[in-house]
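Count the sequence shown with the working numbering and you get residues 8 to 257, in order. Using N, Cα and C, we set each Cβ at its ideal position, and we do this for glycine too.
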Amino acid sequence: MASETAPQRPKYQRIADDLKAAIEAGTYGPGDRLPGESALAAQYEVAPLTARQALKILRTEGLVETKRGAGARVISFRPIRRHGIQRLKQDHWGSGRTIWSADEERPVTIDVRVETVAAPAHIAHMLDLADEEAVCARSRRFVLAERPVMLATSYLPLALVEGTAIMRVDTGNGGTYARLAELGFAPAHFREEIRCRLPLAAEAEKLGMPLERPVVKVCRTAYDTNYRAVEVNEMTMDSAAYVLEYAFDA
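Shown next, in the form of structure tokens:
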């Protein structure tokens, strides 16, 4: 007869659980140094390797940062609270504000690259374009408090935006959506798909995060009043850097 007792968690996971509970309780605050491998090994009567595995879990989850010779310290970074609905309201970007400003008052550095590319197959399908039809691709990397937090690429039909400010690095007040509105294609409907997976090596490198930590993948499609898809934005977020918030009336 199989035992009904739940299997005991490995020792390194139990140590990690204790440390996470202490961080959540405020025993260790932002910037505080956690006990080192030797101290944890002695406290829990385990091998130093087991203590190292416990600290690795906390690093993977984005709770601590480790530096050679300095041990593990609780990260002082405050996660970004992404307001999934408010940020897309027309009275926000229509007034000249950026979508980012709906989420954060902290200044962000955005590295932008704009190029004309053949639409990837899934993008062509979502934008109702011919296979490999040209699109404007606006690729951005968002850096907050010297920490990369998100990669994003927006795809827009080239026939719609060629020769407009959307093809520039700086699109002006209100960003891409304000420029689409000026062209008569103001976004009126949005659809977002959200999923999680482990990062590709290139994504982890650009975000400066470990390969073991998941990323949040958000794919947003913007439609005009005629339900024509005018933009597809694929976002890759460091899962430890974001809280996704959705608030709406019943």
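Taking only three categories from DSSP, how would you classify residue i?
| i | result |
| --- | --- |
| residue 7 | Absent from the model: residue 7. The displayed extent of the chain is 8 to 257, so no value can be given. |
| residue 230 | strand |
| residue 78 | strand |
| residue 224 | strand |
| residue 256 | coil |
| residue 245 | strand |
| residue 72 | strand |
| residue 87 | strand |
| residue 29 | helix |
| residue 251 | strand |
| residue 189 | helix |
| residue 21 | helix |
With distances taken from CA atoms, which of the options is nearest residue i?
| i | options | result |
| --- | --- | --- |
| residue 262 | 221, 232, 163 | With the chain represented from 8 up to 257, any question about residue 262 goes unanswered, as that position is not in the structure. |
| residue 68 | 247, 243, 181, 213 | 247 |
| residue 111 | 94, 119, 122 | 94 |
| residue 215 | 156, 197, 255, 164 | 156 |
| residue 79 | 86, 47, 87 | 47 |
| residue 133 | 222, 50, 66, 161 | 161 |
| residue 109 | 119, 208, 96, 54 | 96 |
| residue 39 | 197, 81, 25 | 81 |
| residue 230 | 150, 163, 55, 18 | 163 |
| residue 252 | 91, 207, 182 | 91 |
| residue 88 | 137, 245, 175 | 245 |
| residue 187 | 175, 202, 167 | 167 |
Measure the alpha-carbon distance for residue i versus residue j and round it to whole angstroms.
| i | j | result |
| --- | --- | --- |
| residue 115 | residue 105 | 11 Å |
| residue 27 | residue 189 | 50 Å |
| residue 219 | residue 205 | 7 Å |
| residue 199 | residue 225 | 7 Å |
| residue 147 | residue 117 | 6 Å |
| residue 139 | residue 240 | 17 Å |
| residue 131 | residue 42 | 52 Å |
| residue 35 | residue 76 | 19 Å |
| residue 184 | residue 44 | 51 Å |
| residue 71 | residue 37 | 9 Å |
| residue 180 | residue 63 | 43 Å |
Mind checking who residue i pairs with in its DSSP beta bridge?
| i | result |
| --- | --- |
| residue 151 | 115, 154 |
| residue 164 | 142 |
| residue 59 | Its beta-bridge partners do not exist; DSSP assigns none. |
| residue 201 | 225 |
| residue 52 | Bridge partners of residue 52: none, in fact. |
| residue 122 | 144 |
| residue 99 | None; residue 99 has no bridge partner. |
| residue 236 | 230 |
Shorter than 7 Å, the distance from the beta carbon of residue i to the closest heavy atom of the ligand MG, or not?
| i | result |
| --- | --- |
| residue 109 | Ligands are entirely absent from the displayed structure, and the ligand MG is therefore not among its contents. |
**OP:** Report yes or no: do three or more beta-carbon pairs, one from the region 126 to 136 and one from the region 92 to 103, lie closer than 8 Å?
**Re:** no
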